[in-house]
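All remarks here apply to the structure that follows.
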Amino acid sequence: MRFDSETVLQLRRGIMKRGQVLSTLLSEVLAGKTPAAVAQLPGTPGMRPEEKLRMALDQVEARRKLIDADDDKFGRCDICGEDLGLPALGELPWADRCAAHAAQ
240 MRFDSETVLQ
250 LRRGIMKRGQ
260 VLSTLLSEVL
270 AGKTPAAVAQ
280 LPGTPGMRPE
290 EKLRMALDQV
300 EARRKLIDAD
310 DDKFGRCDIC
320 GEDLGLPALG
330 ELPWADRCAA
340 HAAQ
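Here the sequence shown is numbered in this note's numbering, starting from 240 and rising by one per residue.
Laid out in structure tokens, this is it:
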């Protein structure tokens, strides 16, 4: 295990909190509202707000599964395998890319 149990617990809480926020935003979008926070989510041009939210929820769920499985891929860039570092994960525990690959 790359992280101690307390760190894993804190990271998991951050991931779950992000999932709750995204789920709430998705509920609002499906109810016909367009929260401003949706515009800040990554996505391709022309993506509908609910598509952006579902993509973000899928990312969060993938990270949750990795941390729950104690998979060494958690906390590493999906493209190059670079360790994202605990400070970065503390801010964005659902991150799946290093700074060099964040835009890809």
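Note that CB positions come from ideal geometry on N, CA and C, so glycine has one too. Source: prediction; values computed, not measured.
- [ ] Give the DSSP bridge partners of residue 315, in chain order.
- [x] What you label residue 315 is simply residue 76 of the sequence shown in a count that begins at 1. Answer by DSSP bridge pairing, in chain order: 322.
Task: residue 291, buried or exposed, once every other Cβ within 10 Å from all chains shown has been counted against 16 - done: Start at 1 with the first residue of the sequence shown, and residue 291 comes out as number 52. With 16 or more other Cβ atoms within 10 Å, it is buried.
Open item on the list: Can you give me the C-alpha to C-alpha distance between residue 309 and residue 317, rounded to a whole angstrom?
Closed with: The count along the sequence shown starts at 1 and reaches residue 309 at position 70. The count along the sequence shown starts at 1 and reaches residue 317 at position 78. Answer to the nearest angstrom: the Cα atoms are 16 Å apart.
Task: Separation of residue 271 from residue 334, as counted between CA atoms - done: The residue given as residue 334 occupies position 95 in the sequence shown. The residue given as residue 271 occupies position 32 in the sequence shown. For residue 334 and residue 271, the distance between alpha carbons rounds to 29 Å.
Open item on the list: Looking at chain D, is there any beta carbon in it that lies within less than 9 Å of the beta carbon of residue 314?
Closed with: Looking for chain D here will not work: only one protein chain is present.
Open item on the list: Need the endpoints of the alpha helix (DSSP H) that residue 263 sits in, please.
Closed with: Indexing the sequence shown from 1 puts residue 263 at position 24. Segment 244-269, the alpha helix (DSSP H) holding residue 263.
- [ ] Consult DSSP for residue 282 and reduce its assignment to one of helix, strand or coil.
- [x] For the purposes of this step, residue 282 is taken as the residue at position 43 of the sequence shown. Here residue 282 sits in coil by DSSP.
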